[in-house]
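J.:
2 protein chains.
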Amino acid sequence: MAETSLGAKIRKLREKKQYTLEKLADLTSSSKSYIWELENKAPPRPSAEKISKIAEKLGVTVEYLLDDQAIITVGDAADARFYRKYQQMNDKTKAKIRSFVDLWDEDDDG
Amino acid sequence: MAETSLGAKIRKLREKKQYTLEKLADLTSSSKSYIWELENKAPPRPSAEKISKIAEKLGVTVEYLLDDQAIITVGDAADARFYRKYQQMNDKTKAKIRSFVDLWDEDDDG
DNA sequence: TTATTACGTTCAGAACTCTGAACTTTAAGT
DNA sequence: ACTTAAAGTTCAGAGTTCTGAACGTAATAA
Numbered sequence: 001m002a003e004t005s006l007g008a009k010i011r012k013l014r015e016k017k018q019y020t021l022e023k024l025a026d027l028t029s030s031s032k033s034y035i036w037e038l039e040n041k042a043p044p045r046p047s048a049e050k051i052s053k054i055a056e057k058l059g060v061t062v063e064y065l066l067d068d069q070a071i072i073t074v075g076d077a078a079d080a081r082f083y084r085k086y087q088q089m090n091d092k093t094k095a096k097i098r099s100f101v102d103l104w105d106e107d108d109d110g
Numbered sequence: 001m002a003e004t005s006l007g008a009k010i011r012k013l014r015e016k017k018q019y020t021l022e023k024l025a026d027l028t029s030s031s032k033s034y035i036w037e038l039e040n041k042a043p044p045r046p047s048a049e050k051i052s053k054i055a056e057k058l059g060v061t062v063e064y065l066l067d068d069q070a071i072i073t074v075g076d077a078a079d080a081r082f083y084r085k086y087q088q089m090n091d092k093t094k095a096k097i098r099s100f101v102d103l104w105d106e107d108d109d110g
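Chains as they are written, first to last, in this note's numbering: chain A, 1 to 110; chain B, 1 to 110.
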């Protein structure tokens, strides 16, 4: 089957989160058959709305999902991605990161 | 005519860059009639590919164009404080924190 | 074996995107 | 006024997205 870059990314992220096709479909107001198509059929051209919800639930940016090349994320996009990731962590981890960043901030920030 | 949030953002950014419909269409492999529809007709549901190119040429993220709400909805006051702090740091520090958090995520996510 | 359950796969077709070409408007020049 | 050009607007229809429902497969249990 034609394996696209987008499809491979979605499947990898979905499996890492242990979501079934149906689970991810529910989270993103999609059908499981469509999620399956995105992962397995070429060439998908999903709507921005779909890919935006999918990116959100998988904890990445739209840019990351769509860009064929590896991207060097700078500026706002990187910040958005970072924050999305942070939000999805559990409270204990969040607290650890915050106190860690507080220390870093003292020394380094200008 | 129905004025959507997405349409308004695209027009504002396009006019700020002094692009005509045709110019933006050329830059994004679209037709000018379609760019016009995005700006003026409701409800647009453009493909991820289109909106990605448009965001790129207008110098914003896909998330900024699509999210109806304020960019980030904060669940928790501590998160909000943390993110404000993070945003004010310099790029090098931000990058360090991000890669640090990426590592943390590997262990912890599930 | 025969349920049952959970997950993945296939496909017809309604609904929608997006284009090309024609048309209208606005503005500047003579 | 008339011409020309540049920008915006409209629309039919080819082609695509996306869903719902049916089907396939594998695992577990009685």
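Glycine included, each C-beta is placed from N, C-alpha and C at the ideal position.
Run down chain A in chain order and give the residues with a C-beta less than 8 Å from the C-beta of E49(B).
T.: Here the neighbours are R45, L66.
J.: Compare the beta carbon distance of E56(B) and I10(B) with 8 Å and say whether it is the shorter of the two.
T.: The answer is no: Cβ separation not under 8 Å.
J.: Closer than 8 Å, CB to CB, is S5(B) near chain A or not?
T.: Not closer than 8 Å to any Cβ of chain A, the Cβ of S5(B) fails to qualify, so no.
J.: Indicate whether S33(A) and K53(A) have their beta-carbon atoms separated by less than 8 Å.
T.: Their beta carbons are not under 8 Å apart, which means S33(A) does not touch K53(A) by this criterion.
J.: Who are S144(B)'s beta bridge partners in DSSP?
T.: This structure does not reach residue 144(B), given that chain B is present from 1 up to 110, and the question cannot be answered.
J.: Since I believe L27(B) is in contact with R14(B) (beta carbons under 8 Å), could you give me their beta-carbon distance rounded to a whole number of angstroms?
T.: Not quite, the Cβ-Cβ distance comes to about 10 Å (not below 8 Å), so this is no contact.
J.: Can you check whether the C-beta of D108(B) is within less than 8 Å of a C-beta belonging to chain A?
T.: At D108(B) the pLDDT is 41, less than 50, meaning the model places this residue with poor confidence; the figure from the coordinates comes in the next sentence. So, interface residue.
J.: Please report the straight-line C-alpha distance between T73(B) and D67(B), rounded to a whole angstrom.
T.: Residue confidence for T73(B) is low, a pLDDT of 44 falling below 50, so the modelled location carries little weight; the figure read from the coordinates is stated next. About 10 Å.
J.: Output, in chain order, the set of chain A residues within a Cβ distance shorter than 9 Å of S52(B).
T.: Simply A48, I51, V62, E63, L66, D67.
J.: Can you give me the C-alpha to C-alpha distance between A70(A) and E63(A), rounded to a whole angstrom?
T.: The predicted position of A70(A) is uncertain, since its pLDDT is 36 and thus under 50; no value can be drawn from it.
J.: Who are the near neighbours of G75(A) in its chain, counting only those whose CB is closer than 8 Å to its CB and skipping five residues on each side?
T.: With a pLDDT of 49 at G75(A), under the threshold of 50, the modelled position of this residue cannot be trusted, and the question is left open.
J.: Return the residue from the list G7(A), A8(A), K16(A), S5(A) that minimises the CA-CA distance to Q59(A).
T.: Rather than Gln, the amino acid found at residue 59(A) in this sequence is Gly. Ranking the options by Cα distance to G59(A), first place goes to K16(A).
J.: Do you know offhand how far I35(A)'s Cα is from P44(B)'s?
T.: Computed Cα separation, rounded: 21 Å.
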